[in-house]
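Colleague:
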Amino acid sequence: MSMDIFLQNVANSITLGSLYALIAIGYTMVYGIIRLINFAHADLLMVASYIAFYGILVFTLPWYWAFIIAVVLTTIMGVSIEKVAYRPLRTAPRISVLISAIGVSFLLQNVAIVVIGARPKPFPRPEQLVWNINMGDISFLSLTILIPIVTFILLLLVMFLVKKTKMGIAMRAVSRDFETASLMSVDVNKVISTTFMIGSALAGVGGIMWSMQYPQVDPLMGLFPGIKCFIAAVMGGIGSIPGAMIGGFVLGICEIMIVAFLPALSGYRDAFAFVILILILLFRPGGILGENTVEKV
Amino acid sequence: MDDKKQIKFILNIAVLALICVFLWWGNDNLSSFYIRILNLSAIFVILGISMNLVLGFTGMFSLGHSGFMCIGAYVASILTMSPASKEIIYFMEPITPILAQIQWPIFPAIIMAGVVAALFGFLVGIPALRLRDDYLAIATLGFAEIIRIIVTNTITITNGALGLKNIPSVKSMWVYWGIAIITIIILKKIVNSSWGYSFKAIRDNEIAAEAMGINLFSHKLLSFSIGAFFAGIAGALMAFLITSVDPTMFRFTFTFQILLIVVLGGMGSLTGSVISAVAITILMEVLRVVEEPINFFGLLQIPGLPGMRMVIFALGLLLVILYYRQGLMGTREFNWDYILNKIDSFRKRGASM
Numbered sequence: 027m028s029m030d031i032f033l034q035n036v037a038n039s040i041t042l043g044s045l046y047a048l049i050a051i052g053y054t055m056v057y058g059i060i061r062l063i064n065f066a067h068a069d070l071l072m073v074a075s076y077i078a079f080y081g082i083l084v085f086t087l088p089w090y091w092a093f094i095i096a097v098v099l100t101t102i103m104g105v106s107i108e109k110v111a112y113r114p115l116r117t118a119p120r121i122s123v124l125i126s127a128i129g130v131s132f133l134l135q136n137v138a139i140v141v142i143g144a145r146p147k148p149f150p151r152p153e154q155l156v157w158n159i160n161m162g163d164i165s166f167l168s169l170t171i172l173i174p175i176v177t178f179i180l181l182l183l184v185m186f187l188v189k190k191t192k193m194g195i196a197m198r199a200v201s202r203d204f205e206t207a208s209l210m211s212v213d214v215n216k217v218i219s220t221t222f223m224i225g226s227a228l229a230g231v232g233g234i235m236w237s238m239q240y241p242q243v244d245p246l247m248g249l250f251p252g253i254k255c256f257i258a259a260v261m262g263g264i265g266s267i268p269g270a271m272i273g274g275f276v277l278g279i280c281e282i283m284i285v286a287f288l289p290a291l292s293g294y295r296d297a298f299a300f301v302i303l304i305l306i307l308l309f310r311p312g313g314i315l316g317e318n319t320v321e322k323v
Numbered sequence: 257m258d259d260k261k262q263i264k265f266i267l268n269i270a271v272l273a274l275i276c277v278f279l280w281w282g283n284d285n286l287s288s289f290y291i292r293i294l295n296l297s298a299i300f301v302i303l304g305i306s307m308n309l310v311l312g313f314t315g316m317f318s319l320g321h322s323g324f325m326c327i328g329a330y331v332a333s334i335l336t337m338s339p340a341s342k343e344i345i346y347f348m349e350p351i352t353p354i355l356a357q358i359q360w361p362i363f364p365a366i367i368m369a370g371v372v373a374a375l376f377g378f379l380v381g382i383p384a385l386r387l388r389d390d391y392l393a394i395a396t397l398g399f400a401e402i403i404r405i406i407v408t409n410t411i412t413i414t415n416g417a418l419g420l421k422n423i424p425s426v427k428s429m430w431v432y433w434g435i436a437i438i439t440i441i442i443l444k445k446i447v448n449s450s451w452g453y454s455f456k457a458i459r460d461n462e463i464a465a466e467a468m469g470i471n472l473f474s475h476k477l478l479s480f481s482i483g484a485f486f487a488g489i490a491g492a493l494m495a496f497l498i499t500s501v502d503p504t505m506f507r508f509t510f511t512f513q514i515l516l517i518v519v520l521g522g523m524g525s526l527t528g529s530v531i532s533a534v535a536i537t538i539l540m541e542v543l544r545v546v547e548e549p550i551n552f553f554g555l556l557q558i559p560g561l562p563g564m565r566m567v568i569f570a571l572g573l574l575l576v577i578l579y580y581r582q583g584l585m586g587t588r589e590f591n592w593d594y595i596l597n598k599i600d601s602f603r604k605r606g607a608s609m
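Top to bottom, those sequences are chains A and B. Just so we're aligned: the first sequence equals residues 27 to 323 in my numbering. Just so we're aligned: the second sequence equals residues 257 to 609 in my numbering.
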């Protein structure tokens, strides 16, 4: 493999890794607090891209307004999903909540199919954000730089929120011990809502970035990125925000590099993530940054 | 007491005989469309109760059912297709020579499909069943996807993304409902055996079950493999019903439908799964209406909404899980005692009046 192709692959894997990381943060935060794989998180990605898509094409909004509206609406949607579908089941067995999450995800996908149609549509990339950069022999899109920067800024913001603010402290308390936190006069419902708010906003930003990088929107577009990002979160150690970041990058780099070095395996690309997941769960169930715990009575 | 046992035995035989009469009548008198729907519901009955064994009775949230179905469907199709049609269909790359000349009868192929699926279930279960709850869900979902991806890529065996066509067609209701009824009887026996009690103990409290001397891992593996076996058989039947298979058929959506059946019927009730499997399959056909354009006396035209059925089912699942979590039957089963007692008390009331 020549140097420039290798560098091209490095650029691709960093972009993919940042996208995974961005979405994985939402998964890891929600799981950290209510121990639930939020299957609907993946579909919020799709919702955000569609809102941005319609905002730009149908309502002819400037791209920044379309993006802002998309993120805001996605956030509202994420919070309301928690209120309607997860909150009533808080004391129910975990399997029930999980089924509810799968139900919400399936509902969103199919509503999208009914309302928008199952055919994929091309996503309009705003010219102000996407242009070609040529450096010697390699050329890449401006997104290759933009996406990691956005991811990094958002990561720092979330880290600040969780580590330094009062709400962040409450979040960590709730994720440690639900009941004790509520006895310490932490408003658990508010904390959970805030968590979903942050997670959904990140999913919204992630969705828009995703559809700019791979400019196509379709109702099932969230499915695979969603599952893979959850895997990234597990790899990094579920519940840990830097872990999600590391997991996302490791997964993105692995996927691109394995295909780059072993082209014969390119058909199996979507299977890598699951193989990695299973290996991680078997040999280091806590993930890279997590701690291994044994459930007791 | 013996008297009652005898009555129940006679009643069971009578119901079986009634079903046989219906199948015999239906095979000749029902239109092929209705027969197809009834056969499809038999397949969903098998899928529903086998997933219920894993999810409802053993408490393992496995989302891998469509993967095992996929294996079953492919094994059965490759074993039964005629060498001539294999030559035509595998035009991208020829089929592996060992498989090219094989042509088995239907029934051994169905059994083989189950056995191979169970073998995969066993192999998948060894790593996956060390996990619990949501991790198990995501890992089994992953395995099902991996199976699908492997099937798409092993072109010399499965013909890849093009899928298989010209699979021998089986139309008789005897085959589908016969296998469905045998499955119900076998699973009922399993659920009421000491294995079944161990499964339920594991579902209710793993740690307590382990303390009582139940080997968690081997029982989970057993339940999982049995589930995979019947999923494989259902997959084989699906192949014979539709006469063509391709990897996209066995997406996660399929597992969702089975999950819907299990949740709606009640997790932990075979009767519930049987009822809801038949009901949902029929509803699935009835609700086709909403996906077609509706015309109100030429005054108002509502365009068809493709995908609307799935929206309705997803809403149904959410409503059940939010407001009626036990489902149709909860963990109760149909039994004759209940009905006999009802009749008894009715008769007594009649006598006292």
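Glycine is no exception: its CB is placed at the ideal position from the N, C-alpha and C atoms. Since the structure is predicted, the reported quantities are computational estimates derived from the model, not experimental observations.
Go ahead and label B/N461 buried or exposed: buried means 16 or more other beta carbons lie within 10 angstroms of its beta carbon, across all protein chains shown.
Modeller: Exposed: under 16 other Cβ atoms inside 10 Å.
Colleague: Classify A/Q242: buried if its beta carbon has 16 or more other beta carbons within 10 angstroms, exposed otherwise.
Modeller: Exposed.
Colleague: Quick check on the burial criterion: 16 or more other C-beta atoms within 10 angstroms. Buried or exposed for A/Q154?
Modeller: With fewer than 16 other Cβ atoms within 10 Å, it is exposed.
Colleague: Where are the alpha helix (DSSP H) runs, 4 residues long or more, that stay fully inside the stretch 89–164 of chain A, in chain order?
Modeller: The qualifying runs are 89–107 and 120–142.
Colleague: Pick helix, strand or coil for A/V84, following the three-state DSSP scheme.
Modeller: Coil at A/V84, not helix or strand.
Colleague: What are the complete alpha helix (DSSP H) segments, minimum 4 residues, inside the stretch 509–538 of chain B?
Modeller: Runs of the alpha helix (DSSP H) inside the stretch 509–538 of chain B: none found.
Colleague: For chain B, find out if any of its Cβ atoms is closer than 9 Å to the Cβ of A/Y76; answer yes or no.
Modeller: Not an interface residue.
Colleague: Contact between the stretch 414–428 of chain B and the stretch 500–513 of chain B: three or more CB pairs below 8 Å?
Modeller: These segments touch.
Colleague: Run the CB neighbour count on B/N448, radius 10 Å, all protein chains shown included, and call it buried at 16 or more, exposed below.
Modeller: Answer is exposed; the Cβ neighbour count stays below 16.
Colleague: Short check: CB of A/L180 to CB of B/A570, under 9 Å?
Modeller: No, Cβ-Cβ distance for A/L180 and B/A570 is not below 9 Å.
Colleague: Is there contact here, the stretch 459–479 of chain B with the stretch 339–346 of chain B, by at least three beta-carbon pairs under 8 Å?
Modeller: With the cut-off at 8 Å, the stretch 459–479 of chain B and the stretch 339–346 of chain B do not touch.
Colleague: Which residues in chain B sit within 7 Å of A/A118, going by Cβ to Cβ distance?
Modeller: In chain order: R581.
Colleague: First and last residue of the alpha helix (DSSP H) that includes B/S297?
Modeller: Looking at the DSSP string, the run of the alpha helix (DSSP H) that includes B/S297 is S288 to N308.
Colleague: Does the beta-carbon distance from A/L83 to A/I95 come in below 9 Å?
Modeller: No; because the gap between Cβ atoms is not below 9 Å, this pair is not in contact.
Colleague: For the alpha helix (DSSP H) containing A/L48, name the first residue and the last one.
Modeller: Unbroken alpha helix (DSSP H) run through A/L48: M29 to I60.
Colleague: For the stretch 400–421 of chain B, which residues have a CB atom closer than 8 Å to at least one CB atom of chain A, in sequence order?
Modeller: The residues in question are E401, I402, I405, I406, T408 and N409.
Colleague: Could you tell me which chain B residues have their CB closer than 9 Å to the CB of A/F256, listed as they occur along the chain?
Modeller: Those are I394, listed as they occur along chain B.
Colleague: Which partner residues does A/Q357 have in the DSSP bridge list?
Modeller: What is shown of chain A runs 27 to 323, which leaves residue 357 of chain A out entirely.
Colleague: Does the beta carbon of A/G293 come closer than 9 Å to any beta carbon on chain B?
Modeller: It does: the Cβ of A/G293 has a partner Cβ on chain B nearer than 9 Å.
Colleague: Just the chain A side, please: which residues come within less than 8 Å of B/V545 by C-beta, in chain order?
Modeller: Residues of chain A passing the Cβ test: none, with the nearest at roughly 15 Å.
Colleague: Is it the case that the Cβ atoms of A/G273 and A/A258 are separated by a distance below 9 Å?
Modeller: Contact: yes.
Colleague: DSSP beta-bridge partners for B/L420?
Modeller: DSSP output for B/L420 lists B/V501 as bridge partner(s).
Colleague: Under a three-way DSSP split, which group does B/L561 fall into?
Modeller: B/L561 falls in the coil class under three-state DSSP.
Colleague: Given a cut-off of 9 Å on the beta-carbon distance, is the pair A/I63 and B/D390 in contact?
Modeller: Yes, Cβ-Cβ distance for A/I63 and B/D390 is below 9 Å.
Colleague: Would you mind giving the Cβ-Cβ distance between B/F363 and B/S481, rounded to the nearest angstrom? I have them listed as a contact below 8 Å.
Modeller: Incorrect: roughly 21 Å between the Cβ atoms, too far for contact.
Colleague: A/I304: which of A/K254, A/G269, A/S266 and A/A290 sits nearest, CA to CA?
Modeller: For A/I304, the nearest C-alpha among the options comes from A/K254.
Colleague: Report the partner residues of A/L167 according to the DSSP bridge assignment.
Modeller: Partner(s): A/N158.
Colleague: Taking a contact to mean a Cβ-Cβ separation below 9 Å, would you say A/Y76 touches A/P251 in this structure?
Modeller: Taking 9 Å as the Cβ cut-off, A/Y76 and A/P251 do not qualify as a contacting pair.
Colleague: Kindly say whether A/A299, judged by its beta-carbon, lies nearer than 9 Å to any beta-carbon of chain B.
Modeller: A/A299 counts as touching chain B.
Colleague: Exposed or buried, which one is A/D57 when buried takes at least 16 other CB atoms within 10 Å?
Modeller: The amino acid at residue 57 of chain A is misidentified as Asp; the sequence shows Tyr. By the neighbour-count rule (16 or more Cβ atoms within 10 Å), A/Y57 is buried.
Colleague: Using CA coordinates, which residue listed in B/L392, B/N285 and B/L272 is at the minimum distance from A/L307?
Modeller: Per the Cα distances, B/L392.
Colleague: On the CB-based measure, 16 or more other CB atoms within 10 Å of its CB, does B/A467 come out buried or exposed?
Modeller: That one is exposed.
Colleague: So what does DSSP say about A/L288, is it helix, strand or coil?
Modeller: In the structure shown, A/L288 sits in coil (DSSP, three-state: anything other than H, G, I, E or B).
Colleague: Considering only their Cβ atoms, is the gap separating B/D593 from B/K264 smaller than 9 Å?
Modeller: Against a cut-off of 9 Å, the Cβ pair of B/D593 and B/K264 comes out as a contact.
Colleague: Using 9 Å as the limit for Cβ to Cβ distance, is A/A111 near chain B?
Modeller: Chain B, which has a Cβ nearer than 9 Å to the Cβ of A/A111, makes this yes.
Colleague: Below 8 Å on the Cβ atoms is my guess for B/F633 versus B/I517; work out the distance and round it to an integer in Å.
Modeller: One cannot answer for residue 633 of chain B here, as it falls past the ends of chain B, which runs 257 to 609.
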